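Engineer: In the working numbering, the protein residues as written are 753 to 1189.
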Amino acid sequence: MKDAGDFDDVIAFAWDGPAGAAAQSARLLLLDSLGCMIAGLGHTTPRAFAEALAITMPGAVRLPGCGAGLAEAGAAAALAAAMCWDEANEGLARAHGRPGLAVAPLCIAALAAGRVSARAAHDAFALGYEIAARAGEIWRIRPGMHVDGSWHALGAAAAAARLAGGDAAEVARAVRLAACQIPFALYAPIAAGMDGRNSYPAHAVLLGAMAAAAARAGMDAPADGLVEARRIALLHETPARRAPAGEWLIEQAYIKPFAGVRHAHYAAAAALELRAAIADRLADVAALRLETYAEALRYAANRAPARAIQAQFSLSWAVAAALMQGDLGPAAYTDAALADPALRRLEALVELSEDTALTKAEQRGARLTATLANGESHQAFVSAIAGDPGLALDAAAVMAKCQRFAAPVIGDTAMARLAAMIMTADGTAPRDFFGAT
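(1) Suppose contacts are defined by Cβ-Cβ distances below 9 Å. Is A1048 in contact with A1118 by that definition?
(2) I need the straight-line Cα distance from A924 to Q933, nearest angstrom please.
(3) Does the Cβ of G896 have 16 or more other Cβ atoms within 10 Å, making it buried, or fewer, making it exposed?
(4) Work out the CA separation of R1059 and E1103 for me, nearest whole Å.
(5) Classify G817: buried if its beta carbon has 16 or more other beta carbons within 10 angstroms, exposed otherwise.
(6) For the beta strand (DSSP E) containing G811, list its first residue and its last residue.
(7) Which parts of the stretch 841-905 are runs of the alpha helix (DSSP H), unbroken and 4 residues or longer, counting only runs that do not cross its ends?
(8) For P996, is the classification buried or exposed, using 16 other Cβ atoms within 10 angstroms of its Cβ as the cut-off for buried?
(9) Nearest CA to the CA of D1092: which residue from A1122, A1056, R994, A864?
(10) Taking the alpha-carbon positions, what's the V868 to T1180 distance?
(11) Any idea what DSSP makes of V1013, helix, strand or coil?
(12) Classify Q933 as helix, strand or coil using the three-state DSSP reduction.
(13) Roughly how many angstroms lie between the CA atoms of E882 and I1030, to the nearest whole one?
(14) In terms of residues, what are the limits of the alpha helix (DSSP H) holding F765?
(15) Which same chain residues, not among the five before or five after A825, have their C-beta less than 7 Å away from its C-beta?
(16) Taking the C-alpha atoms as reference points, what is the distance between D804 and A905?
(17) What alpha helix (DSSP H) runs, 4 residues minimum, are completely inside the stretch 1021-1054?
(18) What residue does the alpha helix (DSSP H) around S1068 start on, and which one ends it?
(19) To the nearest angstrom, how far is the alpha carbon of A940 from that of R1096?
(20) Does the Cβ of L987 have 16 or more other Cβ atoms within 10 Å, making it buried, or fewer, making it exposed?
(21) Can you give me the C-alpha to C-alpha distance between L853 and L1124, rounded to a whole angstrom?
(22) For the stretch 1107-1164, list the alpha helix (DSSP H) runs that are entirely contained and at least 4 residues long, ordered along the chain.
(23) Around the C-beta of I763, are 16 or more other C-beta atoms found within 10 angstroms, so that it is buried, or is it exposed?
(24) Between D900 and R949, is the Cβ-Cβ spacing less than 9 Å?
(25) For S785, report the span of its alpha helix (DSSP H) as first-last.
(26) Among residues of its own chain, excluding the 5 on either side of A1147, which ones have a beta-carbon nearer than 6 Å to its beta-carbon?
(27) What is the DSSP secondary structure of M753, counted as helix, strand or coil?
(28) When you compare each of T796, M1151, R983, Y1051 to A1088 by their alpha carbons, which one comes out closest?
(29) A778 and A1158: beta carbons closer than 9 Å?
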């Protein structure tokens, strides 16, 4: 029986790229990933990271807001950190993570460098995504670890090897090489309110690029590396399992409608529904009660967040920001938002409690009740949001999200041009890929 860590069958299956609905899913995921990268570059630290990488990785790729040009690998690493900065990028439930996180940046950097066509970038993205998604199924983090930056490197290796013109055998070697040196990362920075977590996907990008180069040079490693690492490093003794070839996992991915951890999206959606009734009376809100499922409370109960990364994992912040701003986008995690006394006041009012019925039914959802100073009460309940099974964001919604998140960084025209290129998967990138205004 084939070892679960042997991905030759998946490489053969995904080599020619998806068609039909799977191809549309791939295009939308790549577009959403690009929008998240650009939005992330609207923040100071991701731009500073890019400038720092340019010291040792100088080159011709120019990222929005960055004065120094980067080599392709450095640009991909910077884009990976930017992509997750607002916690707004895609995910795949069965992988317990985000398979595109280290794959999409490599594809976009290759496009920005003018080295590959849009079609080649799409094919590499789909191949890398399918490898990473299955690696995520196999790899299961332990308490105290963070999911980002580990199994993602296998997808990055596959994409990097394909983008370099490697054949299926070379891609397979790159994946095996990455699997035998798979890292793992700690949750500690998030718990401490530090943003070092955002460097994890950059590490996966660079590991994948290095593995692809080693494979091109003829280096190789055993096919059972990922499963062996799973046993030794994570102490898992149960058999490793993954989806077989023949199934496009990219079709099962979700795209987030908001920025921030997905567990807080139900609370944000309830706040937006409630806002319709009380938007002009937020100063009169005297109490807010949020009832939601236990897992959301376990992962996103941060209160009075001092840093953006804490706010991204905060149910109470999601409620307050959505009520104040009428959205939960990158603007919710800026220094200005974190210093807003009105937003802080609302966040402090939120009482968190478990909806045991949701927990028992293993259902996601949120109920938000607002009480005004005069005793008047308003309530909203949300049990499904865009991106849930059967509620996938369509092309118009993804393009609108990209315009909302990324256009403030590069302008409406530039974002519309990039969206058209990604969605048609046609042609080559212009010399000034991002065309920032």
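Glycine included, every Cβ here is placed at the ideal spot set by N, Cα and C.
Being a predicted model, the structure only gives us computed values, none of them experimental.
Structural biologist: According to the structure data:
(1) Residue numbering aside, residue 1048 sits at position 296 when the sequence shown is read from its first letter. Residue numbering aside, residue 1118 sits at position 366 when the sequence shown is read from its first letter. In terms of Cβ geometry, A1048 and A1118 form a close pair [threshold 9 Å].
(2) Here residue 924 corresponds to residue number 172 of the sequence shown, with the count starting at 1. Here residue 933 corresponds to residue number 181 of the sequence shown, with the count starting at 1. A924 and Q933: Cα-Cα distance of roughly 15 Å.
(3) The residue you call residue 896 lines up with position 144 of the sequence shown. Sixteen is the threshold: since fewer than 16 other Cβ atoms of the shown chains lie within 10 Å of the Cβ of G896, the residue is exposed.
(4) One-based indexing of the sequence shown puts residue 1103 at position 351. One-based indexing of the sequence shown puts residue 1059 at position 307. Those two C-alpha atoms are separated by around 21 Å.
(5) The sequence position of residue 817 within the sequence shown is 65, counting from 1. Buried is the call here.
(6) Numbered from 1 along the sequence shown, position 59 holds the residue referred to as residue 811. 810-813 is the span of the beta strand (DSSP E), which, as asked, contains G811.
(7) Listed in chain order, the alpha helix (DSSP H) elements of length 4 or more contained wholly in the stretch 841-905 are 856-864, 870-890.
(8) Taking the first residue of the sequence shown as 1, we reach residue 996 at position 244. Under this definition P996 is an exposed residue.
(9) For this step, residue 1092 is matched to residue 340 along the sequence shown. Closest by alpha carbon: A1056.
(10) Working through the sequence shown from its first residue, we reach residue 868 at position 116. Working through the sequence shown from its first residue, we reach residue 1180 at position 428. For V868 and T1180, the gap between their C-alpha atoms comes out near 7 Å.
(11) Looking up residue 1013 in the sequence shown gives position 261. Three-state DSSP puts V1013 in coil, outside helix and strand.
(12) Taking the first residue of the sequence shown as position 1, residue 933 is located at position 181. For Q933, the secondary structure class from DSSP, reduced to helix, strand or coil, is coil.
(13) Residue mapping note: residue 882 aligns to position 130 of the sequence shown, counting from 1. Residue mapping note: residue 1030 aligns to position 278 of the sequence shown, counting from 1. CA-CA distance, E882 to I1030, rounds to 45 Å.
(14) Here residue 765 refers to the residue found at position 13 when the sequence shown is read from its first residue. It spans 760-766 - the alpha helix (DSSP H) in which F765 sits, taken as one unbroken run.
(15) If you number the sequence shown from 1, residue 825 lands on position 73. Leaving aside the five residues that flank A825 on each side, the residues in its chain whose CB is nearer than 7 Å to its CB run, in chain order, M809, L958, A961.
(16) Stepping through the sequence shown from its first residue, residue 804 is reached at position 52. Stepping through the sequence shown from its first residue, residue 905 is reached at position 153. Correcting the residue type first, residue 804 is Ala in the shown sequence and not Asp. Using only the alpha carbons, I get a separation of about 22 Å.
(17) Listed in chain order, they are 1046-1051.
(18) The count along the sequence shown starts at 1 and reaches residue 1068 at position 316. In the DSSP assignment, S1068 falls within the alpha helix (DSSP H) that extends over 1067-1077.
(19) Sequence index remark: in the sequence shown, residue 940 carries index 188 (1-based). Sequence index remark: in the sequence shown, residue 1096 carries index 344 (1-based). So the two alpha carbons sit approximately 25 Å from each other.
(20) Within the sequence shown, numbered from 1, the residue matching residue 987 stands at position 235. Classification of L987: exposed, given that the 10 Å Cβ count is below 16.
(21) In the sequence shown, the residue the question calls residue 853 occupies position 101. In the sequence shown, the residue the question calls residue 1124 occupies position 372. Computed Cα separation, rounded: 42 Å.
(22) Fully enclosed alpha helix (DSSP H) runs of no fewer than 4 residues occupy 1108-1112, 1147-1162 of the stretch 1107-1164, in order along the chain.
(23) Counting from 1 along the sequence shown, the entry for residue 763 is found at position 11. Flag for I763 reads buried.
(24) Here the question's residue 900 lines up with position 148 in the sequence shown. Here the question's residue 949 lines up with position 197 in the sequence shown. Using a Cβ distance threshold of 9 Å, D900 and R949 count as a contacting pair.
(25) Within the sequence shown, numbered from 1, the residue matching residue 785 stands at position 33. It spans 772-792 - the alpha helix (DSSP H) in which S785 sits, taken as one unbroken run.
(26) Position 395 of the sequence shown, counting from 1, holds the residue named residue 1147. Apart from the 5 residues on each side of it in sequence, A1147 has no Cβ closer than 6 Å to any other Cβ in its chain.
(27) Translated into positions along the sequence shown, residue 753 becomes position 1. The pLDDT assigned to M753 is 41, lower than 50, so where the model puts this residue is not dependable; a value taken from the coordinates is nonetheless given after this. M753 carries a coil assignment under DSSP once its states are collapsed to helix, strand and coil.
(28) Indexing the sequence shown from 1 puts residue 1088 at position 336. The residue with the shortest Cα to Cα distance from A1088 is T796.
(29) Position 26 of the sequence shown, counted from the start, is the residue given in the question as residue 778. Position 406 of the sequence shown, counted from the start, is the residue given in the question as residue 1158. Cβ atoms of A778 and A1158: not closer than 9 Å.
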